[in-house]
Amino acid sequence: MSQRTGVKRRLLETKTRDLWQLELVSADGHILGRVVRQIVEVDMYTIRYFIVYCADTGKHYIVPSDTIYAIEDDRVYTSLTRAHLTKLPDLSVPVEDVEEEIYRIIGRRPYWEEEFFPSTPPTD
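Residues in the sequence shown are numbered from 77 upward in steps of one, following my numbering.
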């Protein structure tokens with residue numbers, strides 16, 4: 077639950093057929109692993125995270141879906157760097173417990189704040 081919005085989000089890990097085993101490519105050109113699952117916010121029917129398995133480390137990383145900018149040529153492209161991925165928490169704990177940490181690591185405003193407090197255009 078976000079402390080700022082007071083809204084409880086229900087997240088569920090599910091299979092992904094469309095992206096199963098596609099390579100995740102970082103902003104700096106590294107193959108970070110393969111997409112193996114997704115985490116959806118049930119009430120919003122929205123994919124919030126992808127679970128990426130990295131064979132090099134043997135870990136499952138939680139990658140925010142709002143960092144994905146393209147899916148093409150059987151690859152998924154993220155704006156995260158390899159350094160970001162190595163700092164992300166492993167899927168050994170519930171996602172709800174590490175969401176704020178994930179967004180702090182990648183230096184972005186969390187999706188729940190974006191949706192609850194949308195940016196307003198500047199006034200002249």
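Ideal placement from N, C-alpha and C gives every residue a C-beta, glycine not left out. All of these numbers come straight from a predicted model, not from anything done at the bench.
- Contact between the stretch 148-167 and the stretch 126-135 is present: three or more C-beta pairs spanning the two stretches fall below 8 Å.
- Going by DSSP, Y129 is part of the beta strand (DSSP E) stretching over T122 to C130.
- Residue pairing by DSSP places A103 in no beta bridge whatsoever.
- For L156 against V139, the beta-carbon gap comes to about 7 Å, under 8 Å, which counts as contact.
- V169 carries a coil assignment under DSSP once its states are collapsed to helix, strand and coil.
- Nearest C-alpha to T122 among R86, E177 and E172: R86.
- Nearest to R113 by alpha-carbon distance, out of D149, A159 and E99, is E99.
- In this structure, T154 and S102 form a Cβ contact; the two beta carbons are roughly 6 Å apart against a cut-off of 8 Å.
- Inclusion of Y129 and G109 in the CB contact set at 7 Å is warranted, their separation being smaller than that value.
- In the three-state reduction of the DSSP assignment, L164 falls in the coil class.
- Between Y187 and D142, the gap from beta carbon to beta carbon is short of 7 Å.
- In the three-state reduction of the DSSP assignment, R184 falls in the coil class.
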